[in-house]
Structures are given as structure tokens and as C-alpha cells.
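Peer 1:
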Amino acid sequence: MFKKVLVANRGEIAVRIIRALREMGIKSVAVYSTADRLALHTVLADEAVCIGPPRVADSYNHKIQLLSAALTTGAEAIHPGFGFLSENSQFAKMCEECDITFIGPSSEAIHRMGNKAVARETMIKAGVPVIPGSEGFIDDCESGLELAKSLGFPVMLKAAAGGGGKGMREIHSEEQFKQLFDQVKLEAGAVFSDDQVYLEKIITHARHIEVQILGDSFGNVIHLGERECSLQRQHQKVLEEAPSSFISSDVREQLGKAAVDAAIATHYVNAGTVEFLVDQNQNFYFMEMNTRLQVEHPVTEMVTGVDIVNEQIRIASGLPLTYSQEDIKITGHAIECRINAEDPTHDFRPASGKITDLILPSGSLGLRVESALFAGSGIPPFYDSMVAKVITYAKTRDIAFRKMNRALMEFMIDGIPTNIDFQLALIADKGVLSGAFDTHYLEEHFLSNFLKAHKQSVE
């Protein structure tokens, strides 16, 4: 087992990993930008190293600075968390070359699955159903348009190296395709340093269902069930559940098998997530594979009892999985609400500032809050707006939602605007409570009602 691990991240996920390391008896090294000098993760870690100024490219995405911090402090491994360099195959390769263990899959696996078009081809060979679309990359607008017409609109144009909702556009007509093709390529090149794109048919009224997998270096692969991630805004998840209340037990079994087959086909080691779109008839299609820890991993931990971060560290140190597939039992229901520093009533404008007062919900079994907030802490304007996650667990979905309502009612943050009221309205929505939603429900149905209700309340 490792003696010391560097956590190449910030905020709530850095705190989550540092706590896991301490429970495992492993020393932790935090890294921070000058904007995060007094952040909670720097206080909780055994050591903390400044890696640069606030700009992400100069700090949390600066590969040399991170590796220098690991080598200087004697860290044997680096945990990237999610975001930043967590799916950067070049960084994983540099870790390997420096004899530092990257707590995640190999650089080869990240490269293979990080390119969405290559991942599609890999899944087709593995017999995993994929969304109808292009075979490989689209080189020019004319050939892409011909394929879009043959597939039938609407279609989705995507950056091959994309992720996090970036570099993708929904297209409904020939004229729109002509307008957006170059725009998507330019965005892909700017954001991912790779302007290759591919095309997929849009599955209408789809659910976004993902399956958590774990694989070790001994060839063992298991899945930990699925998560319902259909409540999204601009392709960013807002609320997640485990398990999904939509899919049948037969489809649940098929999804788990397909996810394991996907992992085996790519010789996958460590934690990963296989994402699917499921249509109204419960036909499912591979969408992409995230080669890292997910923001929403706590809901899976709650319903399985498996500490995914702990397993990641064990696997990376060369140990076999603690569990077999037969050991995994899904019990109860879990929900996660993402708490963001933003103003939903003004187009979700991100906020920054100082937390003047803070009350975190607590006080019952089945309630978990993951955050790096404390009274007096600052929210810098340079990073993602998510500041906390509230997770509730209960025997039934209804009780888990009632528990979430109680928790959010208690959650008070003064000093910055947040989306807590937005989340309270979302978990009280009839369509959400009944499970009658898809990936477009939040933006096309719920949001207008929320904004109308807010306007009436202030008039």
C-alpha cells in the first residue's frame, strides 16, 4: 500500500480523497493555487504545496508543477479526482514515466476511451449497442451533412475528444448543420486541442443512465449498478439517483453486462463509468466512457456500501478487488443534489465571494454532505461553480426525496447566491417525483415553471 499520495485537485473532491487516505493510514499531499491558499483541503492534508497562480493552466492543469510537487514531497501516487487532468492521457503517461502511480486507468486506456469516435468503434467490436452515427471522424461539412440527412434530423455533432458538455451541438436542419459544423470544430480545437468531430443520431425522449464499473490488474471486473442522470441543464447533470426508477430488472441486468463487456474489451483497470442513452422502449445505446471518478459516485456508494475511492487506491497499489459481482447488492435508494454558487434566476450566472455564515444539514442516518465550505471561506471566480453535494439515502425513493427536502431546507449559505431554492423546487416537481422525465425535461418543462414562480414571488 502507498505511504503517501498527492491529490491533484481542489474543493469537495480533494477533501473527499484526503479523508479516504487518512482512514486508510496514508499520508496526503494537497496542492493549491494562490487563490486557494486557505482552502479546506490545504488544511486537512498532511502537507500542502503551492503550484502556481489562480489560472487553471498555471496551477491545477500544470503537469510539470504537479509532478514536481509529487517528486519533492516523496508521493508515490497521484489521485486526480475528477475534472482538471483526470482524463488527460498525456499526464497519466508522464506519471508512468516518472515512476509515480496514476490512480486511475492506464494512459493507453484513457487515450483509447477519451476519443469518443475511437470508443464507439471499440464498443461495436465488443458487441455493445451504440447510437447510430458516423464510423470514425467527419472530415468536412459536405460529407457530414450527407450522413446527417441519411440518419435523419435531429442529430448531435460532437468533439471526438470532448466531455463535460463541451464541443457538442444539437442540430435540427441542413441549414443549421452548415452554420454549426465549423463552430464545433473550432470549439473542439480550442478546448481539447483536437478538432476532430463525429456525428450521432439523437435518441428522442431518452434517459441518461450510467453504470459504475471497477476493474483490477488481475482481470477482475465488476459493476456497481446504474445511476439515473437524466435531469440536466446544458448537458450538465443537476440531480442524480441510484438506482433508476425507469428501467426494468431485465434491462438493469443487460446494462450491467454491457458495461462489464466494455471494460473487458478495453482491458480497463480502476474505476470508470459507462454511459448509455435509453429510449422509451428501454433499448439502450453506448454513449461514452468516463475514465475517472464521477461527481455522482456517492449515490452508488450509498446503495452498495462500496467505498469507490478506497477501491481506487487499493487497485492502483496492486491489490485485487475487495468484492466479486456476487457480493454487490443494491438496497434502498439514494439521491444527490449538486449545490452551485450561481443565480438560477439570472441565467445561472456564476458567483464568487466570501461565505459569511454557513449551516450544513445533519442529524440523521442516510444523510451525507460533501463540501469544502466553512464560514469565512472564499469562493474564487476561477473555478467550477459547484461548492457542495447533498446525498440522501432511504429504503424507498419517496423517503429519500423527503429526506432531501429536509436537508436542503436546513442548508444555509450567506454571502453568495446558490441554487438551493432551485433544487428545492426540482425535488418537489410532480414530473420528477413521478419519474416522468427525460434528458430535456429540466430545460423544456421545469425551468420555465420555476422562473415564472420566482417572478410571481418577487412581484
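In full-length UniProt numbering, the protein residues as written are 1 to 459. Where a beta carbon is used, it is the ideal one built from N, C-alpha and C, also for glycine.
Could you give the first and the last residue of the continuous alpha helix (DSSP H) run that contains His-111?
Peer 2: 107 to 114 is the extent of the alpha helix (DSSP H) around His-111.
Peer 1: Would you kindly work out how many angstroms separate the C-alpha atoms of Ile-78 and Lys-455, rounded to a whole number?
Peer 2: Their Cα atoms are separated by approximately 47 Å.
Peer 1: In whole angstroms, what separates the C-alpha of Thr-300 from that of Met-113?
Peer 2: The alpha-carbon atoms of Thr-300 and Met-113 are separated by roughly 22 Å.
Peer 1: Specify whether the region 195 to 204 and the region 152 to 159 touch according to this definition: at least 3 beta carbon pairs, one from each stretch, less than 8 Å apart.
Peer 2: The region 195 to 204 vs the region 152 to 159: in contact.
Peer 1: Determine whether the beta carbon atoms of Glu-212 and His-267 lie at a separation below 8 Å.
Peer 2: Residue 212 is actually Gln in this sequence, not Glu. No. Outside cutoff.
Peer 1: Ser-434 lies in the alpha helix (DSSP H); which residues open and close that run?
Peer 2: Residues 430 to 434.
Peer 1: What do you get for Gly-225, buried or exposed, if any count of 16 or more other CB atoms within 10 angstroms of its CB means buried?
Peer 2: When all chains shown are included, Gly-225 counts as buried.
Peer 1: Mind checking who Ile-328 pairs with in its DSSP beta bridge?
Peer 2: Per DSSP, none; premise fails for Ile-328.
Peer 1: Would DSSP call Lys-125 helix, strand or coil?
Peer 2: Note: Lys-125 maps to helix in three-state DSSP.
Peer 1: Under 6 Å Cβ to Cβ from Gln-280, same chain only, skipping five residues before and after it: list those, please.
Peer 2: For Gln-280, where only same-chain residues beyond five positions count, the Cβ hits under 6 Å are His-205.
Peer 1: Excluding the 5 residues flanking Phe-102 on each side, which residues of the same chain have their C-beta closer than 8 Å to its C-beta?
Peer 2: So the list reads Ala-77, Ile-78, Pro-80, Phe-91, Ala-92, Cys-95, Glu-96 and Ala-316, once near-sequence residues are dropped.
Peer 1: With the cut-off set at 8 Å, would you say Ser-385 and Glu-336 are in Cβ contact?
Peer 2: No, they are not a contact pair.
Peer 1: Which first and last residues belong to the alpha helix (DSSP H) in which Cys-141 is found?
Peer 2: Start and end: 141 to 151.
Peer 1: Which residues does DSSP pair with Gly-215 in a beta bridge?
Peer 2: Answer is Val-221 and Asn-270.
Peer 1: Enumerated in chain order, which unbroken segments of the beta strand (DSSP E) with a length of 3 residues or greater are wholly contained in the region 283 to 312?
Peer 2: The region 283 to 312 contains these whole beta strand (DSSP E) runs: 284 to 290.
Peer 1: Going straight from the alpha carbon of Val-278 to that of Gln-65, what length do you get?
Peer 2: If you take the alpha carbons of Val-278 and Gln-65, they lie about 42 Å apart.
Peer 1: Expressed to the nearest angstrom, what Euclidean distance is found between the alpha-carbon atoms of Lys-389 and Leu-44?
Peer 2: Using only the alpha carbons, I get a separation of about 19 Å.
Peer 1: Considering just the uninterrupted stretch of the alpha helix (DSSP H) at Lys-395, what are its terminal residues?
Peer 2: It is not in any alpha helix (DSSP H) - Lys-395 carries neither H nor E in the DSSP assignment.
Peer 1: Please identify the residue among Ile-313, Phe-82, Gly-415 and Leu-367 whose C-alpha is closest to the C-alpha of Lys-395.
Peer 2: When only C-alpha atoms are compared, the closest one is Leu-367.
Peer 1: Measure how close the beta-carbons of Ile-359 and Phe-411 come, nearest whole angstrom, since I'm counting them as under 8 Å.
Peer 2: The Cβ separation is near 7 Å, so the contact holds.
Peer 1: So the beta strand (DSSP E) His-205 belongs to, where does it begin and stop?
Peer 2: Unbroken run through His-205: none, as it is neither H nor E.
Peer 1: My guess is that Asn-82 and Ile-17 are in contact by the Cβ rule of under 8 Å, so how many angstroms apart are they, rounded?
Peer 2: Here the sequence assigns Phe to residue 82, which means Asn is not the residue at that position. Phe-82 to Ile-17, Cβ: 10 Å. No contact.
Peer 1: Please state whether DSSP places Ile-13 in a helix, a strand or coil.
Peer 2: Of the three classes helix, strand and coil, the one that applies to Ile-13 here is helix, per DSSP.
Peer 1: With distance defined between alpha-carbon atoms, name the residue in Lys-452, Ser-107 and Glu-142 nearest to Asp-182.
Peer 2: Residue Glu-142 is the option with its Cα nearest to Asp-182.
Peer 1: Just to confirm the assignment, what range does the alpha helix (DSSP H) spanning His-454 have?
Peer 2: That run of the alpha helix (DSSP H) goes 447 to 458.
Peer 1: DSSP has Tyr-32 in a bridge; who is on the other side?
Peer 2: Bridge partners of Tyr-32: Cys-50.
Peer 1: Which two residues bound the contiguous beta strand (DSSP E) that contains Ser-249?
Peer 2: First-last for Ser-249: 249 to 265, but that is the alpha helix (DSSP H), not the beta strand (DSSP E).
Peer 1: Taking 8 Å as the limit between beta carbons, can you name the residues of its chain near Lys-178, skipping five residues before and five after?
Peer 2: Once the five neighbours on either side are set aside, the close Cβ partners of Lys-178 are Cys-141 and Leu-145.
Peer 1: What would DSSP say about Glu-97, mapped onto helix, strand or coil?
Peer 2: Correct three-state label for Glu-97: helix.
Peer 1: Going by alpha carbons, who is nearest to Gly-415 out of Val-295, Ile-264, Met-168 and Pro-380?
Peer 2: The option with the nearest alpha carbon to Gly-415 is Pro-380.
Peer 1: What do you reckon, are the CB atoms on Ile-355 and Ile-420 nearer than 8 Å?
Peer 2: No; because the gap between Cβ atoms is not below 8 Å, this pair is not in contact.
Peer 1: With distance defined between alpha-carbon atoms, name the residue in Ser-245, Val-269 and Ser-371 nearest to Ile-330.
Peer 2: Of the listed residues, the one whose Cα sits closest to Ile-330 is Ser-245.
Peer 1: Between Gly-165, Glu-174, Met-302 and Ile-171, which has its C-alpha nearest Val-191's C-alpha?
Peer 2: Ranking the options by Cα distance to Val-191, first place goes to Gly-165.
Peer 1: Is it true that the CB of Gly-162 sits closer than 8 Å to the CB of Lys-116?
Peer 2: Yes, they are a contact pair.
Peer 1: Per DSSP, what kind of secondary structure is Asn-441 in: helix, strand or coil?
Peer 2: Position check: residue 441 holds Tyr in this sequence, whereas Asn was assumed. Note: Tyr-441 maps to helix in three-state DSSP.
Peer 1: Compare the beta carbon distance of Gly-318 and Thr-291 with 8 Å and say whether it is the shorter of the two.
Peer 2: No, Cβ-Cβ distance for Gly-318 and Thr-291 is not below 8 Å.
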